[in-house]
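This report concerns only the one structure given below.
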Amino acid sequence: MSVEDVFPPRRVRSVPRRDRPVMAAGRIERGRIRRGDLVEIVGPNAGLTAVVADIEHSHVSVAEAGADMNVGVLLPGAASAALTLERGQVLATPGSISALVGFTADIDVLSEEHGGTEIRSGDRLQFHIRSATVLGTVSLPEGTDVIRPLHRVEAVVTLEQAVALEEGQSFAFRCHGRATGSGAVTRLAH
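At position 6 of the sequence shown (counting the first as 1) the number is 6 in the UniProt record's numbering, and the numbers step up by one without a gap.
Here is the structure:
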């Protein structure tokens with residue numbers, strides 16, 4: 001599940017501030033999640049585990065939830081200094097996905113009318129991967145100086161922050177604040 005928002009739960013009021021539970025909201029990409037499941041928090045500033053205390057779907061507590069459902073997952077004690085949740089992280093079965101900074105991807109640049117612009121090796125772009133937004137640098141293949149609008153190339157991307165990545169993962173990117181193109185991860189750099 002990609003964490004899209006993090007907030008204190010509506011129903012918990014009397015818990016001391018340091019140990020207050022946190023509700024992580026997002027959409028379940030695949031599989032199921034149940035109360036009592038151990039989840040790993042993957043992504044920037046993460047790598048810890050927590051036990052699911054409750055799951056909310058449409059403001060109703062449910063025992064489990066499955067793929068394509070938008071849910072809130074209550075993680076007890078997650079607000080403490082040891083466990084910080086933030087947008088862009090992923091809740092997953094421990095060990096099932098890794099946070100990485102490098103990958104190879106097929107990159108498509110939009111047409112000029114839709115914001116596409118030339119991309120050069122070394123350009124610093126803003127990548128949108130799931131709900132994470134992170135800066136990264138593009139390295140084009142040898143012999144390729146520039147990617148022009150409406151072109152596709154396989155490039156190496158190095159992110160400035162680790163995010164949860166999988167082969168086949170789609171993403172979008174921006175250059176100078178404008179939507180410029182999209183891509184899909186073809187290989188992970190471990």
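Beta carbons: idealized from backbone N, C-alpha and C, even for Gly.
Who are residue i's beta bridge partners in DSSP?
{"i": "residue 65", "result": "33"}
{"i": "residue 163", "result": "100"}
{"i": "residue 121", "result": "Per DSSP, none; premise fails for residue 121."}
{"i": "residue 189", "result": "102"}
{"i": "residue 152", "result": "108"}
{"i": "residue 158", "result": "102, 137"}
May I ask you to report which of helix, strand or coil DSSP gives residue i?
{"i": "residue 128", "result": "strand"}
{"i": "residue 57", "result": "strand"}
{"i": "residue 142", "result": "coil"}
{"i": "residue 113", "result": "helix"}
{"i": "residue 175", "result": "strand"}
{"i": "residue 182", "result": "strand"}
{"i": "residue 136", "result": "strand"}
{"i": "residue 81", "result": "With a pLDDT of 40 at residue 81, under the threshold of 50, the modelled position of that residue is not reliable, and the figure given next carries that caveat. In this structure, residue 81 counts as coil in the three-state DSSP scheme."}
{"i": "residue 86", "result": "coil"}
{"i": "residue 50", "result": "strand"}
{"i": "residue 92", "result": "strand"}
{"i": "residue 14", "result": "Bear in mind that a pLDDT of 37 at residue 14, under 50, signals an unreliable position, so the number given afterwards is only what the model happens to contain. If DSSP states are grouped into helix, strand and coil, residue 14 belongs with coil."}
Taking a contact to mean a Cβ-Cβ separation below 7 angstroms, would you say residue i touches residue j in this structure?
{"i": "residue 164", "j": "residue 90", "result": "yes"}
{"i": "residue 99", "j": "residue 42", "result": "yes"}
{"i": "residue 76", "j": "residue 21", "result": "yes"}
{"i": "residue 52", "j": "residue 35", "result": "yes"}
{"i": "residue 109", "j": "residue 151", "result": "yes"}
{"i": "residue 187", "j": "residue 104", "result": "yes"}
{"i": "residue 71", "j": "residue 57", "result": "yes"}
{"i": "residue 157", "j": "residue 138", "result": "yes"}
With distances taken Cα to Cα, identify the nearest neighbour of residue i among the options.
{"i": "residue 33", "options": "67, 59, 25", "result": "67"}
{"i": "residue 159", "options": "127, 140, 23", "result": "127"}
{"i": "residue 119", "options": "143, 177, 149, 44", "result": "149"}
{"i": "residue 69", "options": "172, 28, 139, 125", "result": "28"}
{"i": "residue 196", "options": "58, 56, 40", "result": "Within the shown structure, residues of the chain are numbered from 1 to 190, placing residue 196 beyond reach of any answer."}
{"i": "residue 211", "options": "25, 122, 107, 146", "result": "What the structure shows of the chain is the stretch from 1 to 190, and residue 211 is not part of that stretch, so it cannot be assessed."}
{"i": "residue 124", "options": "55, 38, 115, 176", "result": "176"}
{"i": "residue 24", "options": "55, 62, 47", "result": "55"}
{"i": "residue 191", "options": "37, 117, 48", "result": "Lying outside 1 to 190, the shown extent of the chain, residue 191 is not represented and no answer is given."}
{"i": "residue 121", "options": "92, 155, 46", "result": "155"}
Assuming residue i contacts residue j under a Cβ cut-off of 8 angstroms, what Cβ separation, rounded to an integer in Å, is found between them?
{"i": "residue 132", "j": "residue 181", "result": "Not confirmed; about 17 angstroms, so no contact."}
{"i": "residue 172", "j": "residue 162", "result": "Not a contact, Cβ separation roughly 19 angstroms."}
{"i": "residue 113", "j": "residue 44", "result": "Between residue 44 and residue 113 the Cβ distance is about 34 angstroms, and since that is not below 8 angstroms, they are no contact."}
{"i": "residue 129", "j": "residue 140", "result": "Not confirmed; about 20 angstroms, so no contact."}
{"i": "residue 97", "j": "residue 142", "result": "31 angstroms between Cβ atoms; not a contact."}
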